[in-house]
Amino acid sequence: SQQGEEDPQALSIQEGENATMNCSYKTSINNLQWYRQNSGRGLVHLILIRSNEREKHSGRLRVTLDTSKKSSSLLITASRAADTASYFCATSRPGANSKLTFGKGITLSVRP
Amino acid sequence: GAGVSQSPSNKVTEKGKDVELRCDPISGHTALYWYRQSLGQGLEFLIYFQGNSAPDKSGLPSDRFSAERTGGSVSTLTIQRTQQEDSAVYLCASSLGGLPYEQYFGPGTRLTVT
Numbered sequence: 796s797q798q799g800e801e802d803p804q805a806l807s808i809q810e811g812e813n814a815t816m817n818c819s820y821k822t823s824i825n826n827l828q829w830y831r832q833n834s835g836r837g838l839v840h841l842i843l844i845r846s847n848e849r850e851k852h853s854g855r856l857r858v859t860l861d862t863s864k865k866s867s868s869l870l871i872t873a874s875r876a877a878d879t880a881s882y883f884c885a886t887s888r889p890g891a892n893s894k895l896t897f898g899k900g901i902t903l904s905v906r907p
Numbered sequence: 371g372a373g374v375s376q377s378p379s380n381k382v383t384e385k386g387k388d389v390e391l392r393c394d395p396i397s398g399h400t401a402l403y404w405y406r407q408s409l410g411q412g413l414e415f416l417i418y419f420q421g422n423s424a425p426d427k428s429g430l431p432s433d434r435f436s437a438e439r440t441g442g443s444v445s446t447l448t449i450q451r452t453q454q455e456d457s458a459v460y461l462c463a464s465s466l467g468g469l470p471y472e473q474y475f476g477p478g479t480r481l482t483v484t
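Protein sequences, first through last, are from chains A and B.
Our numbering applies: residue 796 is where the first sequence begins, and numbers increase by one.
Our numbering applies: residue 371 is where the second sequence begins, and numbers increase by one.
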């Protein structure tokens with residue numbers, strides 16, 4: 796069953812703009828991760844944020860986590876056409892053997 | 371080093387046939403996961419191997435699905451008597467251990483059951 800739900804489901808922006816994607820989840824978590832998928836195959840890990848962290852940066856990526864609201868956001872700054880992909884949030888729950896429960900994904904289109 | 375590899379990349383089979391999907395994890399990764407991605411169900415966890423521990427099979431959808439991991443490395447996912455609803459992309463991932471590390475995914479096997 797799906798744990799995370801991302802919104803919006805689809806996002807179209809101009810190159811150079813920032814993209815903000817949100818994820819909500821339902822149960823307690825150990826950590827939350829964001830993945831990117833191009834062309835429907837092979838997920839690429841972007842960033843992991845632990846439940847005791849509130850914000851994390853990696854290059855043009857910024858992730859926030861609000862455990863009180865059970866939500867996370869992924870911000871991509873200065874977007875590029877190459878950022879066009881599907882983005883998924885995934886959660887790892889306590890006692891769940893670190894298996895990931897994925898949201899349905901957000902399709903990001905960056906127009907050159 | 372080499373990433374996670376999966377074979378075959380595409381598999382078309384007739385309903386009722388058995389199929390085997392292979393995963394080669396990153397060397398040194400003790401944890402291995404199988405997921406399935408389909409249009410209707412999104413990304414679903416299937417099974418998890420960690421070292422010599424008993425696998426977590428809680429995501430397997432039916433007893434037609436089974437998986438093995440030999441020698442703590444290569445894994446094979448077997449689907450017996452395939453059904454059309456088994457059509458999906460089967461993704462394998464590995465990570466350093468059972469702790470919440472990031473998972474590294476293979477390119478997947480696209481299975482089509484006709």
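Every residue, glycine too, gets a C-beta built ideally from N, C-alpha and C.
Chain-order list of chain B residues neighbouring arginine 836 of chain A: Val459, Pro477, Gly478, by C-beta distance under 7 Å.
Between glutamate 384 of chain B and chain A, the shortest Cβ-Cβ separation is not below 8 Å.
Threonine 896 of chain A belongs to the set of residues whose beta carbon lies under 8 Å from a beta carbon in chain B. If you look at glutamate 812 of chain A, you'll find it isn't in any beta strand (DSSP E); DSSP assigns it neither H nor E. Take valine 444 of chain B, set aside five residues on each side of it, and the residues of its chain with a beta-carbon closer than 6 Å to its own are Asp394, in chain order. Listed along chain B, the residues sitting closer than 7 Å to glutamine 828 of chain A by beta-carbon distance are Glu472.
For the segment 379-403 of chain B, the set of residues with a beta-carbon nearer than 9 Å to any beta-carbon of chain A comprises Ser379, Ala401, Tyr403, in chain order. Counting along the chain, threonine 482 of chain B sits inside the beta strand (DSSP E) bounded by residues 479-483. If you compare the alpha carbons of B:His399, B:Ile417, B:Val374, B:Gly412 with that of glycine 442 of chain B, the shortest gap goes to B:His399.
For lysine 851 of chain A, the enclosing beta strand (DSSP E) covers residues 850-853.
Beta-bridge partners of isoleucine 417 of chain B (DSSP): B:Trp404. In the structure shown, aspartate 456 of chain B adopts helical secondary structure according to DSSP, grouped into three states. Close partners of leucine 430 of chain B in chain A (Cβ separation under 9 Å) are lacking, with about 12 Å as the shortest Cβ gap. One finds nothing in chain B with a Cβ atom closer than 9 Å to the Cβ of lysine 821 of chain A; even the nearest lies about 15 Å away. Cα atoms of glycine 373 of chain B and glycine 890 of chain A: separation of roughly 28 Å, rounded to the nearest angstrom.
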